[in-house]
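A short worksheet on the structure shown next.
In my numbering, the protein residues as written are 1 to 152.
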């Protein structure tokens with residue numbers, strides 16, 4: 001499902017919002033993540049599992065980031081999904097989330113890990129970092145926090 005994509009202006013230029021695909025099998029967590037990401041100034045699409053996410057990515061060229069749970073039912077978990085995305089769509093930014101602290105050596109290059117339960121500030125800060133967002137043009141978030149990791 002794609003929510004409405006509104007235009008926004010940065011430094012006098014008209015731009016479309018970047019679209020973030022949220023992949024989460026638990027509805028309440030997915031809805032919360034969608035709202036956090038929309039509130040951060042991004043457009044959102046959603047998938048309930050990795051197979052659905054792959055189908056969406058195959059049919060859409062506007063997805064700029066994927067925010068996925070690591071533990072999901074289906075043919076792929078979040079790690080396999082991230083590797084598939086990195087292999088087929090290398091420019092797409094990746095954020096992986098889990099309540100368990102994983103072996104971060106599996107985190108794809110330029111990927112970000114956020115530990116659940118995450119805050120809106122953590123998700124927003126990770127997205128802003130990945131998109132090199134100028135904090136002056138949106139809400140300033142202070143907490144890149146103890147529950148985040150990034151592999152360059």
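Every residue, glycine too, gets a C-beta built ideally from N, C-alpha and C.
Exercise. So, are the CB atoms of residue 62 and residue 24 less than 7 Å apart?
Worked result: For the purposes of this step, residue 62 is identified with residue 62 of the chain shown, where counting begins at 1. For the purposes of this step, residue 24 is identified with residue 24 of the chain shown, where counting begins at 1. Contact flag unset, no.
Exercise. Distance, Cα to Cα, residue 116 vs residue 128?
Worked result: For the purposes of this step, residue 116 is identified with residue 116 of the chain shown, where counting begins at 1. For the purposes of this step, residue 128 is identified with residue 128 of the chain shown, where counting begins at 1. Approximately 19 Å between the Cα atoms of the pair.
Problem set entry | DSSP state of residue 2 mapped onto helix, strand, coil | Counted from its first residue, the chain shown places residue 2 at position 2. Below a pLDDT of 50, predicted positions are generally treated as unreliable, and residue 2, at 38, falls in that range; no measurement from the model is reported.
For this session: Compute the beta-carbon to beta-carbon distance between residue 100 and residue 111, rounded to the nearest angstrom, for a pair I have assumed lies under 8 Å.
Result: Here the question's residue 100 lines up with position 100 in the chain shown. Here the question's residue 111 lines up with position 111 in the chain shown. In this structure residue 100 does not touch residue 111 by the C-beta definition: roughly 16 Å separates them, more than the 8 Å allowed.
For this session: Please say whether residue 66 and residue 92 have beta carbons closer to each other than 7 Å?
Result: Within the chain shown, the letter at position 92 stands for residue 92. Within the chain shown, the letter at position 66 stands for residue 66. The answer is yes: Cβ separation under 7 Å.
Exercise. So residue 187 packs on residue 34, CB below 8 Å; how close in whole Å?
Worked result: This structure cannot settle anything about residue 187, because the visible part of the chain is limited to 1 through 152.
Exercise. Under the rule that 16 or more other beta-carbon atoms within 10 Å means buried, what is residue 122, buried or exposed?
Worked result: Working through the chain shown from its first residue, we reach residue 122 at position 122. It is buried - the Cβ of residue 122 has at least 16 other Cβ atoms within 10 Å.
Exercise. Apart from the five residues on each side of it in sequence, which residues of its chain come closer than 6 Å, Cβ to Cβ, to residue 76?
Worked result: What you label residue 76 is simply residue 76 of the chain shown in a count that begins at 1. Excluding sequence neighbours, residue 76 sits near 50.
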